[in-house]
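To keep things clear, I will list the structure first and then write my remarks on it.
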Amino acid sequence: MSPRIGLALGGGSARGWAHIGAIRALADAGIEPDLVCGTSIGALVGAAYVGGELDRLEAWVRSLRVQTVVSFLDFSLGGGLIKGDKLIEFFRSHFVDRDIRELARPFGAVATDLQRGREVWLREGGVSDAVRASIALPGLFTPAQRDGSWLVDGGLVNPVPVSLCRAMGADLVIAVDLNADLLGRHLKPKPAAARKRAPANPENLTDSVMARIQTGMSQLGLNSGNGPRPPAMLDVLASSINIMQVLITRSRLAGDPADVMVTPLLANLGLMEFHRADVAIDAGRRAMEAAIPQLNARLNGLNGT
26 MSPRIGLALG
36 GGSARGWAHI
46 GAIRALADAG
56 IEPDLVCGTS
66 IGALVGAAYV
76 GGELDRLEAW
86 VRSLRVQTVV
96 SFLDFSLGGG
106 LIKGDKLIEF
116 FRSHFVDRDI
126 RELARPFGAV
136 ATDLQRGREV
146 WLREGGVSDA
156 VRASIALPGL
166 FTPAQRDGSW
176 LVDGGLVNPV
186 PVSLCRAMGA
196 DLVIAVDLNA
206 DLLGRHLKPK
216 PAAARKRAPA
226 NPENLTDSVM
236 ARIQTGMSQL
246 GLNSGNGPRP
256 PAMLDVLASS
266 INIMQVLITR
276 SRLAGDPADV
286 MVTPLLANLG
296 LMEFHRADVA
306 IDAGRRAMEA
316 AIPQLNARLN
326 GLNGT
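When we follow the numbering used here, the leftmost residue of the sequence shown carries the number 26, and every step to the right adds one.
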């Protein structure tokens, strides 16, 4: 009997498009997972894959531009900067939206119960609702309500859901960790010339958002002073998330390691740079291709060949 292969797709915001490339490399090698689990952006890509929508998702993300990404940012004053409703409504209307149990193969998403601090495994109910809960990055997206609980990003408790794959019956787990090389990436000092009146780049999402924030701060007199400036707000948020997810991932995987770990090099991609899908997809493909020999060796061992 062939071993059941589980694919654990980790969280990582815009870096998550790397999962598309990783899945493509698996298909090229003739390897098809029997079940898929995802955290945060991994849940979104995983749901599209299991729902037979990966081609459409890839075409869409490759077409994204900064202006398109900004159009999905429905800003909120409560619970998070972004409601996330526009993104999920788009996902619901353009991609798979049915009960998880009706998908072609087993699928699970990870979220966090904000009130109890517990890990929540979403294995039934609407696909879009599960994805919305799993991507609710604290401080950025507002929490999602489900069965009387407020749910936020699963990356708080299980950034790479190897344990869920095993609980769903996987004999061999392939895990894709998007955050292995990220510590300190957002806080690297910029050259002095770049800090002085650097014009906002319309092709950079962080620049576009921060330009609006900094204008308001200047009007309030919050940018005065000649001392060293602290890192920008989005940089602090991104680095804090990176630290948290890297350390939690290390802790979780030490207790329940994947059989094959895939780590795309994505430190050059920012938290919200969803418009750089080509870079992420290529990195994911390269990382999975490098892991195929190890994966085949593990499969041969389980098959007794």
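Where is the CB? At the ideal position from N, CA and C, for every residue including glycine.
Identity of the residue in the options nearest residue i by Cα
i: residue 149; options: 298, 172 and 140; result: 172
i: residue 56; options: 27, 63 and 137; result: 27
i: residue 317; options: 30, 33 and 50; result: 50
i: residue 153; options: 126, 280, 91 and 186; result: 126
i: residue 128; options: 62, 196 and 324; result: 62
Coarse secondary structure for residue i, derived from DSSP in three states
i: residue 174; result: strand
i: residue 299; result: coil
i: residue 160; result: coil
i: residue 167; result: coil
i: residue 308; result: helix
i: residue 200; result: strand
i: residue 139; result: coil
i: residue 144; result: strand
i: residue 261; result: helix
i: residue 182; result: coil
Buried or exposed by the 16-neighbour rule on C-beta atoms within 10 Å, applied to residue i
i: residue 123; result: exposed
i: residue 170; result: exposed
i: residue 300; result: buried
i: residue 136; result: buried
i: residue 80; result: exposed
Distance CB(residue i)-CB(residue j) smaller than 8 Å
i: residue 184; j: residue 326; result: no
i: residue 180; j: residue 264; result: no
i: residue 39; j: residue 306; result: no
i: residue 291; j: residue 165; result: no
i: residue 68; j: residue 161; result: no
i: residue 310; j: residue 46; result: yes
Bridge-paired residues (DSSP) for residue i
i: residue 290; result: For residue 290, which the question treats as bridged, DSSP gives no partner whatsoever.
i: residue 30; result: 197
i: residue 133; result: 62
i: residue 151; result: 124
i: residue 285; result: 199
Closer than 7 Å: residue i CB and nearest the ligand COA heavy atom
i: residue 26; result: The model on display carries no ligand, and the ligand COA is accordingly not part of it.
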